[in-house]
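What follows is a single structure, written as structure tokens, with notes after it.
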Amino acid sequence: MANPDTIKAGATTGPERRAVPLGDGALSVLDWGGPADAPAVQLSHANGFNAYTYKGLVAPIADKVRLHAADFRGHGFSTLTADPAMTISWNTFRDDLIAYLEKRGEPVLLVGHSLGGTTSLLTAEARPDLVTGVLAVEPVIQPFAQAWIMRGKRLLGLPHKARGLAEGAAKRRAIFPDRDAVFAAYKGKGAFTSWPDDTLRDYIAGGVRARDDGQVELCCAPAWESLIFASSGSYIWDRLARIKVPLTLVRGGMFSTCPDPVVNRLKRLYPQADFITVDGATHFLPMERPDVVRAEILRMSGLSA
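For what it's worth, the working numbering labels the leading residue of the sequence shown as 64, then goes sequentially.
Right, dumping it as structure tokens:
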């Protein structure tokens, strides 16, 4: 298995990884190279995943765009503080992304999956000067009424869907004998049911690190993943209503985090936006149908497939 830390841009195997200082640590960023005059793209991953997970999606178009992908705080090889005792919201990831985009120094097409999709939307609202458009793939957005209900339940300490996801993540096994054991434990199971083997191996390459005792552990601590789930579901519709950049939303036809009430309301907010439902795909659409996501990246970048 290739080590993502040693792969250089321009090689067919993958990107160049570098540590970008931000505040209290560094953001680990994959730079896929690309022509100097190519459109700029920034890819953000889902909770618990990492930037290298999307290698199979990105590699076929790496010669057409200048794509960067960063490991979020507490994920992959980023070293920004990620203490489960912290108080965070998804604005934490928005602020980290904005800080990196300011360093990148050019407007970009934001592409994000799940947490990354919602973070991209929040970034576009807060700093439209840094964004040329948003391609949100299965962003996590609660229906309007449900968002208010969840907000109330959270304030009252009552059970809610996000808490259930958080409790499940907190129980996740973190330490394994080796990377092959991680692969065997995950292949065809749970969230990884529909993943190709190569994509699962890329997830492991970018999201598992060696321990001093010879074993390996997940880079994203289960307690941190749990905290992120617990902080989801915030009411963001007022901010969504202020987004002015071009928007495309892609969702799966099954088990989507963008149910019909969300899409219908977004269509009223953004009559000029594009909404795509991929039949047979789930929340893990980038792994199941990377061709759809690639095509939209190229289209929104003004390129042809």
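By construction, the Cβ of each residue, glycine as well, lies at the ideal position given by its N, Cα and C atoms.
Suppose the cutoff is 7 Å on Cβ atoms and the five residues either side in sequence are ignored; what does the same chain contact list for residue i look like?
i: L221; result: Below a pLDDT of 50, predicted positions are generally treated as unreliable, and L221, at 48, falls in that range; no measurement from the model is reported.
i: D265; result: Y115, T116, K118, G119
i: L332; result: L303, A304
i: A101; result: K127, V128, R129
i: F246; result: L263, R264, I267
i: I306; result: L184, A187, E188
I'd like to know whether the C-beta atoms of residue i and residue j end up nearer to each other than 8 Å.
i: L172; j: T195; result: yes
i: G97; j: L130; result: yes
i: P202; j: C282; result: no
i: G139; j: N113; result: yes
i: I360; j: L178; result: no
i: W51; j: F347; result: Residue 51 is absent from the structure shown; the chain starts at 64 and stops at 368.
i: L290; j: P147; result: yes
Hey, quick one: how far does the alpha helix (DSSP H) through residue i stretch, first residue to last?
i: D323; result: 323-332
i: V355; result: 353-363
i: G179; result: 178-189
i: G269; result: 260-270
i: L162; result: The amino acid occupying residue 162 in the given sequence is Ala; Leu does not appear at that position. Looking at the DSSP string, the run of the alpha helix (DSSP H) that includes A162 is 154-167.
i: F292; result: 285-293
i: R242; result: 242-249
i: V121; result: 118-121
Mind checking whether the beta-carbon of residue i lies closer than 7 Å to any heavy atom of the ligand PLP?
i: A103; result: Only the bare structure without any ligand can be found here, which leaves the ligand PLP out of the picture.
Looking only at its chain, what residues have a beta carbon closer than 6 Å to the beta carbon of residue i, apart from the 5 residues adjacent to it on each side?
i: L366; result: K127
i: N66; result: Any reading at N66 must be qualified, since the residue scores a pLDDT of 37, below 50, and its modelled position is unreliable; the value itself is stated next. Around N66: no qualifying Cβ.
i: A336; result: L310
i: V355; result: V341
Since residue i is in the beta strand (DSSP E), which residue starts that stretch and which ends it?
i: V197; result: 194-200
i: L94; result: Residue identity check: residue 94 is Asp in the sequence provided, not Leu. Unbroken beta strand (DSSP E) run through D94: 88-94.
i: R305; result: Premise fails: R305 is in no beta strand (DSSP E) and is neither H nor E.
i: R236; result: No beta strand (DSSP E) holds R236; DSSP gives it neither H nor E.
i: V313; result: 310-315
i: Q105; result: 103-107
Whole-angstrom Cβ separation of residue i and residue j, contact assumed at under 8 Å?
i: A133; j: V92; result: 5 Å
i: T345; j: M317; result: 5 Å
i: P349; j: V200; result: 6 Å
i: S152; j: S294; result: 5 Å
Might you give, ordered along the chain, the residues of its own chain that have their beta carbon closer than 8 Å to the beta carbon of residue i, omitting 5 neighbours on each side?
i: R167; result: A103, Q105, H131
i: L193; result: I161, L164, E165, P170, V171, T186
i: A143; result: The sequence shown places Leu at residue 143, rather than the Ala named in the question. So the qualifying residues of the chain are L85, G86, D87, G88, A89, L90, R136, G137, D159.
Would you call the stretch 279-299 in contact with the stretch 235-244, where contact means no fewer than 3 C-beta pairs closer than 8 Å? yes
At least 3 beta-carbon pairs within less than 8 Å: the stretch 178-189 vs the stretch 104-124: Contact holds between the stretch 178-189 and the stretch 104-124, because three or more Cβ pairs, one in each stretch, are under 8 Å apart.
Any 3 or more C-beta pairs closer than 8 Å across the stretch 261-272 and the stretch 312-326: no
Assess contact between the stretch 145-161 and the stretch 175-184, defined as three or more Cβ pairs (one per stretch) separated by less than 8 Å. Is contact present? yes
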